[in-house]
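For the record, the sequence lines run as chains Z and X.
The opening position of the first sequence corresponds to residue 1 in UniProt numbering, with each subsequent residue numbered one higher.
The opening position of the second sequence corresponds to residue 1 in UniProt numbering, with each subsequent residue numbered one higher.
A virtual CB, placed ideally from N, CA and C, is assigned to each residue, including glycine.
Each remark here refers to the structure printed beneath this line.
Protein chains: 2
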Amino acid sequence: MTFELTAKDIHSKARAGEITTAHGTIQTPIFMPVGTAGTVKAVHQRELTNDIQAQIILGNTYHLYLRPGLEVLEQAGGLHKFNGWDQPILTDSGGYQVYSLSGTRKIVEEGVKFKSHIDGSTHFFSPEGVMDIQRTIGADIMMAFDECTPYPCEYNYAKKSLDMTHRWLQRCCDRFDSTEGKYGYDQTLFPIVQGSTYKDLRIQSAETIASFNREGNAIGGLSVGEPAEMMYEFTELVCDILPADKPRYLMGVGTPANILENIALGVDMFDCVLPTRNARNGMLFTSQGIINIRNERWKNDFSPIDETVGGYASTFYSKAYLRHLVHSGEMLGSQISSVHNLTFYLWLVKQAREHIIAGDYLAWKDKMVKQVMQRL
Amino acid sequence: MTFELTAKDIHSKARAGEITTAHGTIQTPIFMPVGTAGTVKAVHQRELTNDIQAQIILGNTYHLYLRPGLEVLEQAGGLHKFNGWDQPILTDSGGYQVYSLSGTRKIVEEGVKFKSHIDGSTHFFSPEGVMDIQRTIGADIMMAFDECTPYPCEYNYAKKSLDMTHRWLQRCCDRFDSTEGKYGYDQTLFPIVQGSTYKDLRIQSAETIASFNREGNAIGGLSVGEPAEMMYEFTELVCDILPADKPRYLMGVGTPANILENIALGVDMFDCVLPTRNARNGMLFTSQGIINIRNERWKNDFSPIDETVGGYASTFYSKAYLRHLVHSGEMLGSQISSVHNLTFYLWLVKQAREHIIAGDYLAWKDKMVKQVMQRL
Chain Z
1 MTFELTAKDI
11 HSKARAGEIT
21 TAHGTIQTPI
31 FMPVGTAGTV
41 KAVHQRELTN
51 DIQAQIILGN
61 TYHLYLRPGL
71 EVLEQAGGLH
81 KFNGWDQPIL
91 TDSGGYQVYS
101 LSGTRKIVEE
111 GVKFKSHIDG
121 STHFFSPEGV
131 MDIQRTIGAD
141 IMMAFDECTP
151 YPCEYNYAKK
161 SLDMTHRWLQ
171 RCCDRFDSTE
181 GKYGYDQTLF
191 PIVQGSTYKD
201 LRIQSAETIA
211 SFNREGNAIG
221 GLSVGEPAEM
231 MYEFTELVCD
241 ILPADKPRYL
251 MGVGTPANIL
261 ENIALGVDMF
271 DCVLPTRNAR
281 NGMLFTSQGI
291 INIRNERWKN
301 DFSPIDETVG
311 GYASTFYSKA
321 YLRHLVHSGE
331 MLGSQISSVH
341 NLTFYLWLVK
351 QAREHIIAGD
361 YLAWKDKMVK
371 QVMQRL
Chain X
1 MTFELTAKDI
11 HSKARAGEIT
21 TAHGTIQTPI
31 FMPVGTAGTV
41 KAVHQRELTN
51 DIQAQIILGN
61 TYHLYLRPGL
71 EVLEQAGGLH
81 KFNGWDQPIL
91 TDSGGYQVYS
101 LSGTRKIVEE
111 GVKFKSHIDG
121 STHFFSPEGV
131 MDIQRTIGAD
141 IMMAFDECTP
151 YPCEYNYAKK
161 SLDMTHRWLQ
171 RCCDRFDSTE
181 GKYGYDQTLF
191 PIVQGSTYKD
201 LRIQSAETIA
211 SFNREGNAIG
221 GLSVGEPAEM
231 MYEFTELVCD
241 ILPADKPRYL
251 MGVGTPANIL
261 ENIALGVDMF
271 DCVLPTRNAR
281 NGMLFTSQGI
291 INIRNERWKN
301 DFSPIDETVG
311 GYASTFYSKA
321 YLRHLVHSGE
331 MLGSQISSVH
341 NLTFYLWLVK
351 QAREHIIAGD
361 YLAWKDKMVK
371 QVMQRL
């Protein structure tokens, strides 16, 4: 994997760059649609390419490990071959799901024992095991196995957890560096900064992670319930320490405003379930603001959902028709809303990139945050 | 509306023809995907056109009347404008849903009083009212308001009901002929043969319906639980009476075998929820036979769903991937299955048409019925 910086904003820390992987290049800043179980919910693969113009999607190690399972994925020749998405894929480490979905889990030095949310069966994830699983999935970008602490989190727990996350990282790197991709192409491994909402821990973690000198770095444990201002404070703190010549990935973020603000602080990559999950509840993000499509206001609005962002779903269907589908509980309602919201997210980061290159990112960002976050 | 016969099979009563409506032509025999509430469930409009190659879709008067309602449909300029489907649309009369969905309904000479399955509110459908509703929906082909009797049905009830259906038909025609389309294009009205499973009633009804001399005729009240052989017997009986120079529409039919057999008896048009409803349960109709995609057998089958029938969903995705999606309860599983099953149905009637024109329909049909109905 390589990363090239294309442009840096003068008035903020925003950067435009290009990541090159075995499955193609990614122009940053970028948003990665979440494809939990090998599918971005309600979205066809060609819609990802043609309408949404996604450049990389995310897969969840926890979900893929349970279903379809490693045997099927390996026989298919990896996730790209299995789901037909031949552009870059990033997989998380499964840690986050193990902590949040699994009712009973036990974290020890060796790893995490947990129960499947599907059938209650017992499983064990270790740093080494999770590397092996991600080798089998075949993601272009693999993530280290860490502990993502909740918010708020006691200082002592956060410190103990962070030290273990750093020891786990060493084990991840040892396993990663002593193995090879299974399908004839290179993969890379991103470590993750943790440290909850404690400055000294975040600084210590960012310095430790930077010292591993991997090809890219991630920031985890934010956007877990803390105020947005606090998130921005820690993003900036950490970005300033992480090397400038490597991509920075802020995990699980966020709203359109969160994304634009964090880009200004030096973040290059984002992922979040928000655009797809909220789509399924009838909440649309558009270039003009936020729409609750269930509202009476849209009943007779026969204008397209959002002509500005382009793509079939956003320009072909009207608000009134989509409102009808959502009210009627029709699957097509979720399909249109999901494709639209992702189209908007990808449009937004593309716009951001252009304004970074044009040199007016900060002014555009301040205007845009207000515009896209207003309720219509 | 016009109908031209293109070819007639020598060895059976199968015909190939062409129906021309204000929204384009339809090559018969044809299958019409069911778009209940203005959406073919889980299918995008461009998938209907490009992948499935649908030529006409069905809308349900009952559902559209309740949601989005007539005010929205009229403001939109009719259903075509509302959902963006600019090819032909046929609407049923709402009768079938009123009888089957509505818990409490009362049928009197004037019409039917029923309760909405959504909110329990009381409504009244009369032959005249249903004509007005279908004028507002703007379907190219409207259906008469009839009573569809259940199976089995007492002779006396069937006879009484049939007489009323014929009186209602006169009222439908009177209203239809004294009104005009609301959106500047012509609509047409098909009457419906009823008579349950009684030969004398079916003959009487077919003769009555034929005497109305409308532009096309429908056969209702079959495929409601009676044995397939009985359905074929009555289809043939009725088709022989209905005029040969008008299209014949067999309502609510059926399996691939049902369709091929009824084509051989002189039917030109079909609709059924089977391909989409069964798709959502993981049952696939393919050119090679019937697949329960949940079965272990498909777990590692990375071949396309059905390359023979063409279209994106059927050729891009593998059986193993689709099985995974269905097992995981992913919406994309229903989407792929629905598009595939409809692609197969449209492929099947297109093949039927070609074999009618080529003159070898009967032999092809006998082979094909066995092939597509076998369980793989």
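Of all residues in the region 15-29 of chain X, none places a beta-carbon less than 8 Å from a beta-carbon of chain Z. Contact annotation for Z:VAL267 against chain X: no contact, minimum CB-CB distance about 29 Å [criterion: below 9 Å]. DSSP lists Z:ALA218, Z:MET269 as the beta-bridge partner residues of Z:TYR249. In this structure, Z:GLN55 lies near Z:PRO88, with their beta-carbon atoms less than 8 Å apart. Within chain X, not a single residue places a beta-carbon under 7 Å from that of Z:TYR65; the smallest gap is close to 13 Å.
Within the region 281-311 of chain Z, those residues whose Cβ lies closer than 7 Å to any Cβ of chain X are, in chain order, LYS299, ASN300, PHE302. Taking 8 Å as the threshold, the shortest C-beta distance from X:ALA158 to chain Z does not fall below it.
A Cβ of chain X is located within less than 8 Å of the beta carbon of Z:MET331. Contact with chain Z is absent for X:ASN341, since none of that chain's Cβ atoms lies less than 8 Å from the residue's Cβ. Take the alpha-carbon of Z:ASN60 and the one of X:GLY35: they are about 35 Å apart. In the structure shown, the three-state DSSP call for Z:SER318 is strand. Using a Cβ-Cβ distance cut-off of 8 Å, the region 32-52 of chain Z and the region 335-343 of chain Z are in contact, since at least three pairs of beta carbons, one from each stretch, lie closer than that value.
With distances taken between CA atoms, X:LEU346 lies nearest to X:THR286 out of X:THR286, X:LEU73, X:SER116. The criterion of a C-beta distance shorter than 8 Å is not satisfied by Z:MET251 and Z:ILE209. Note that the C-beta distance between Z:ILE290 and Z:LEU348 is not below 8 Å. If you draw a straight line from the Cα of X:ARG105 to the Cα of X:GLU229, it is about 32 Å long.
In the same chain as X:GLN374, and ignoring 5 residues on each side of it, the C-beta atoms closer than 6 Å to its own belong to GLY289, in chain order. With fewer than 16 neighbouring CB atoms inside 10 Å of its own CB, Z:ASP200 falls in the exposed class. As the crow flies, the alpha-carbon of X:HIS166 is around 30 Å from that of X:PRO68. With fewer than 16 other Cβ atoms inside 10 Å of its own Cβ, X:GLU4 counts as exposed. With 16 or more other Cβ atoms from the protein chains shown falling within 10 Å of its own Cβ, X:ARG353 counts as buried. Taking 8 Å as the threshold, the shortest C-beta distance from Z:ALA42 to chain X falls below it.
At least 8 Å separates the beta-carbon of Z:LEU189 from that of Z:LYS13. Going by DSSP, X:THR61 is part of the alpha helix (DSSP H) stretching over 61-66. DSSP, reduced to helix, strand and coil, places X:GLY38 outside both helices and strands of the structure shown, so it counts as coil.
In this model, X:PHE344 and X:LEU376 are separated by some 16 Å (Cα to Cα).
Burial state of Z:VAL253 is buried, judged by a 10 Å Cβ sphere holding 16 or more other Cβ atoms. The Cβ atoms of Z:ARG175 and Z:MET131 lie closer than 8 Å to each other. For the alpha helix (DSSP H) assignment, the uninterrupted runs of no fewer than 4 residues enclosed by the region 129-187 of chain X are, from N- to C-terminal side, 155-177.
About 11 Å separates the beta carbons of X:GLN97 and X:HIS123, which is beyond the 8 Å limit, so they are not a contact pair. Residue burial annotation: X:SER223 is buried, with at least 16 other C-beta atoms found within 10 angstroms of its C-beta. As the crow flies, the alpha-carbon of X:GLU110 is around 28 Å from that of X:VAL238. Counting along the chain, no beta strand (DSSP E) covers X:GLY310, and no H or E run does either. Z:ALA257 and X:THR25 have their C-alpha atoms roughly 49 Å apart. When the five nearest sequence neighbours on each side are left out, the beta carbons in the same chain lying within less than 7 Å of the beta carbon of X:PRO150 are those of VAL224, in order along the chain.
The alpha-carbon of X:LEU169 is positioned some 19 Å away from that of X:THR136.
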